Amino acid sequence: MNLDGKNIQPIDAAVSAKPTSIFHKKKKANSSSMQYFLLLLPPLLFFTVGMIIPLMMGIYNSFTDWDGISLEKHWIGLANYMEIFKDEMFINSFKFTGLFMIFNTLIQNVAAFVFAVFLDSSIRAKNFYRIIIFAPVLLSPILVGQIWTKMYGTILPSINDILGLSINFNLFSSPDTVLTGLVIANNWQWIGYWMLIYLAGLQAVPKDLYEACTVDGGNWWQKFLHITIPMLGPSITICTIGIATGSLKVYELIVASTGGGPGDSSKSTIMYIYDSAFMSQRSSYASAMSVVFLFVLLIFAFIQLKILRKREVEL
Amino acid sequence: MNKRYSKGTFLIQVIVTVIALFYLIPFLIVILYAFKSPEEIISSSPFSLPERLEWDNFSQAFEALNFLQSFANTSIITASAVLLIILLSGMAAYSIVRGRNKFFNGAYMFFIAGILIPYQVIFVPMFVLGSKLGFINNLFGIIFLYIGTSLPFAIFVMAGFMKTIPKEIEEAAFIDGCSIMRTFWIIILPMLKPVAAALTIILSLQIWNDYLLPQLFLSDNSMKTLTVMQSTLFSAFETNFNVGFAGIIISSLPILILFVFMQKHFVKGITMGSGK
Chain A
-8 MNLDGKNIQP
2 IDAAVSAKPT
12 SIFHKKKKAN
22 SSSMQYFLLL
32 LPPLLFFTVG
42 MIIPLMMGIY
52 NSFTDWDGIS
62 LEKHWIGLAN
72 YMEIFKDEMF
82 INSFKFTGLF
92 MIFNTLIQNV
102 AAFVFAVFLD
112 SSIRAKNFYR
122 IIIFAPVLLS
132 PILVGQIWTK
142 MYGTILPSIN
152 DILGLSINFN
162 LFSSPDTVLT
172 GLVIANNWQW
182 IGYWMLIYLA
192 GLQAVPKDLY
202 EACTVDGGNW
212 WQKFLHITIP
222 MLGPSITICT
232 IGIATGSLKV
242 YELIVASTGG
252 GPGDSSKSTI
262 MYIYDSAFMS
272 QRSSYASAMS
282 VVFLFVLLIF
292 AFIQLKILRK
302 REVEL
Chain B
1001 MNKRYSKGTF
1011 LIQVIVTVIA
1021 LFYLIPFLIV
1031 ILYAFKSPEE
1041 IISSSPFSLP
1051 ERLEWDNFSQ
1061 AFEALNFLQS
1071 FANTSIITAS
1081 AVLLIILLSG
1091 MAAYSIVRGR
1101 NKFFNGAYMF
1111 FIAGILIPYQ
1121 VIFVPMFVLG
1131 SKLGFINNLF
1141 GIIFLYIGTS
1151 LPFAIFVMAG
1161 FMKTIPKEIE
1171 EAAFIDGCSI
1181 MRTFWIIILP
1191 MLKPVAAALT
1201 IILSLQIWND
1211 YLLPQLFLSD
1221 NSMKTLTVMQ
1231 STLFSAFETN
1241 FNVGFAGIII
1251 SSLPILILFV
1261 FMQKHFVKGI
1271 TMGSGK
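Chains as they are written, first to last, in the numbering used here: chain A, -8 to 306; chain B, 1001 to 1276.
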């Protein structure tokens, strides 16, 4: 069927097709397909202009030397890509982003899981705790970055003065501790989000499984290991992929807290792409980095999905 | 609720309380500092109560945030983007699920592939294209981009729900002479309420708190969003940073209040949106 967008005229045909449709079955099918197509057209337009064309442009520009402003654009082949793998700043930003992702994925997953199990027990005032742990999710990462900058820089050190201690709270001031500081801030914000997903998963576990285990003489640890964890397999998959891809994209939190410093020690990949495009006017180079980064994201999501899905089956 | 309050439960209660305290400390600090005077930040301990409530911090922060304007901008962008995303994703999902031929399946795969591409990796060409299309300093432009980049996920969720709607209801409408478009508008759209509510929550949270796009596209002072104004708070008030803390309270209060009243919907929205 011809759906290349040129024969949109049969709108009135679609309307008038109604009485005759009994006799012309094929015509009816065509006109209803056309109506469905007309419904699909606006979303298709938004998606193509908003995502697909920029994606294509980005891929094309990554093979040029375009600065983002001038009218001149030269095809330079893979030169940008060659440069990326020699660019120490890119490699460092990539390393930083990778470490940020690994720590976040581990800590956030475990903490969210454990908090959810705690809040699914028979303790009191569960809702109160849930609200508190979820509240930071509602703040913009900009505010979270600012709050923790002040916490580390001013507020916690003044607690040292009062108590006469000398704990190093100033995590954002040294390249060795800046990652820790950002991981803490990021976890403070997002654990509550994933906790909700684990909580929903826990509430969907059939209670008679636990009862059967009790009858068989299983203790709480055995229940946890052999019922809770396997039953939450899908939630673990969702959270792991969500946290990992979310932390790879980190930008706002860092802009509002360390600004990539001290030095360039906490510059994330997105931040470096931003700087290359809009500070050093290297639009094409930034595009090449985006393409590489997208590839990494895709490979990651794919591997994670494979491994986690496989584990779900095994469990 | 007085069933089984064992030793183990008590232990968990204690642990959870400690965790909650860790969570509360930053909030507490923000509130305490927002009410202190500039002299008091230096002289008093962080956890001391303010001597008197310094409301002046709030009026200064209100001005620095250009609050009414930036709040209105953020609201307009979020509300229109979310509304249109829901309408458009509903249209796409309906035609894909009911159209059911190779073309519509292909279109579905085309959209779904977009889920894997976060806008953070295409914002450079997005800006290039956007400046050609006149999207700079244009609220509609940024709304357009939010729609384009959020549609894949929304269509994915919508299509999943659409498959559960029985066809019989529509067929009755068709027999009565209702066109497909009218059927979508009158019968299908109202049935999408549960997914629409879930999507509204997740998408609003994302768009409301987004910083990268508005910072890139909206440089005109009258168009800046809340997040962009927030980012300038502490650089503008370096010494009397309690104004910054007051600004944090002012700018996050609307969404916190909304959460308190719509808590159930938030929980549902988040678990539904990412749960499938």
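Where a beta carbon is used, it is the ideal one built from N, C-alpha and C, also for glycine. Remember, predicted model here, so these are calculated numbers, not experimental data.
With 16 other CB atoms within 10 Å as the buried threshold, where does residue i fall?
i	result
H15(A)	Its pLDDT being 48, under 50, H15(A) is placed unreliably in this model, and the coordinates cannot settle the point.
L1253(B)	exposed
P132(A)	buried
A195(A)	exposed
E79(A)	exposed
M270(A)	exposed
F109(A)	buried
L216(A)	exposed
W66(A)	exposed
W1055(B)	exposed
T96(A)	buried
F286(A)	exposed
E243(A)	buried
R121(A)	buried
F1123(B)	buried
P1046(B)	buried
R1100(B)	exposed
K77(A)	exposed
S1059(B)	exposed
K1224(B)	buried
Report yes or no: is there a C-beta of chain A within less than 8 Å of the C-beta of residue i?
i	result
N1101(B)	yes
V1195(B)	no
F1261(B)	no
V1018(B)	no
I1270(B)	yes
T1227(B)	yes
I1255(B)	yes
I1015(B)	yes
Taking CB distances under 8 Å as the criterion, tell me whether residue i reaches chain B.
i	result
I308(A)	This structure cannot settle anything about residue 308(A), because the visible part of chain A is limited to -8 through 306.
A277(A)	yes
E243(A)	yes
G367(A)	One cannot answer for residue 367(A) here, as it falls past the ends of chain A, which runs -8 to 306.
K198(A)	no
A191(A)	yes
G252(A)	no
F106(A)	yes
I220(A)	no
Q137(A)	yes
A70(A)	no
W179(A)	yes
S23(A)	yes
A247(A)	yes
Y143(A)	no
F109(A)	yes
R300(A)	no
According to DSSP, which residues form a beta bridge with residue i?
i	result
W66(A)	T55(A)
Which residues in chain A sit within 9 Å of residue i, going by Cβ to Cβ distance?
i	result
S1045(B)	S149, I150, D152, I153
A1081(B)	Under the 9 Å cutoff, chain A gives no residues; its nearest Cβ is about 11 Å from A1081(B).
Would you mind telling me which residues of chain B sit closer than 9 Å to residue i, beta carbon to beta carbon, in chain order?
i	result
N52(A)	V1124, P1125, V1128
How would you list, in chain order, the residues of chain B whose beta-carbon sits under 7 Å from the beta-carbon of residue i?
i	result
S112(A)	T1009, I1012
G89(A)	Simply none; closest approach about 16 Å.
M48(A)	P1125, V1128, L1129
Q26(A)	S1179, I1180, M1181
For residue i, go through chain B and note every residue whose CB falls closer than 8 Å to its CB, in chain order.
i	result
L30(A)	M1091, A1092, Y1094, S1095, I1180, M1181, F1184
A173(A)	Checking the sequence shown, residue 173(A) turns out to be Leu, not Ala. Chain B residues near L173(A): none, gap ~15 Å exceeds 8 Å.
Give me the chain A residues within the contact set of residue i, using Cβ-Cβ distance strictly less than 8 Å, ordered along the chain.
i	result
F1144(B)	F37, V40, G41
L1280(B)	Here chain B has residues from 1001 to 1276 only, and residue 1280(B) is not among them.
L1088(B)	P33, P34, F37
Since residue i meets chain A, which of its residues come closer than 7 Å, beta carbon to beta carbon?
i	result
N1105(B)	Result: empty, since nearest Cβ-Cβ is about 12 Å, beyond 7 Å.
I1175(B)	Going along chain A, no residue has its Cβ under 7 Å from I1175(B), so there is no contact; the nearest lies around 11 Å.
Taking CB distances under 8 Å as the criterion, tell me whether residue i reaches chain D.
i	result
F81(A)	This model lacks chain D altogether; the protein chains it does include are A and B.
Near-chain A residues of the segment 1109 to 1122 of chain B - C-beta to any C-beta below 7 Å: F1111, G1114, L1116, I1117, P1118, Q1120, V1121, I1122
When Cβ atoms are compared, which residues of the segment 1229 to 1252 of chain B fall closer than 8 Å to chain A? Q1230, S1231, L1233, F1234, F1241, G1244, F1245, I1248, S1251, S1252
Name, going along the chain, the residues of the segment 283 to 296 of chain A whose beta-carbon falls closer than 8 Å to a beta-carbon of chain B. F284, L285, L288, L289, A292
Residues within the segment 256 to 267 of chain A neighbouring chain B, beta-carbon criterion of under 8 Å: I261, I264, Y265
When you check each C-beta in the segment 1025 to 1057 of chain B against every C-beta of chain A, which residues fall closer than 9 Å? I1025, P1026, F1027, I1029, V1030, Y1033, I1041, S1045, P1046, F1047
Using Cβ-Cβ distances below 9 Å, what residues of the segment 1199 to 1213 of chain B are close to chain A? L1205, W1208, N1209, D1210, Y1211, L1212
Residues of the segment 1148 to 1167 of chain B whose Cβ lies closer than 8 Å to any Cβ of chain A, in chain order: G1148, T1149, L1151, P1152, I1155
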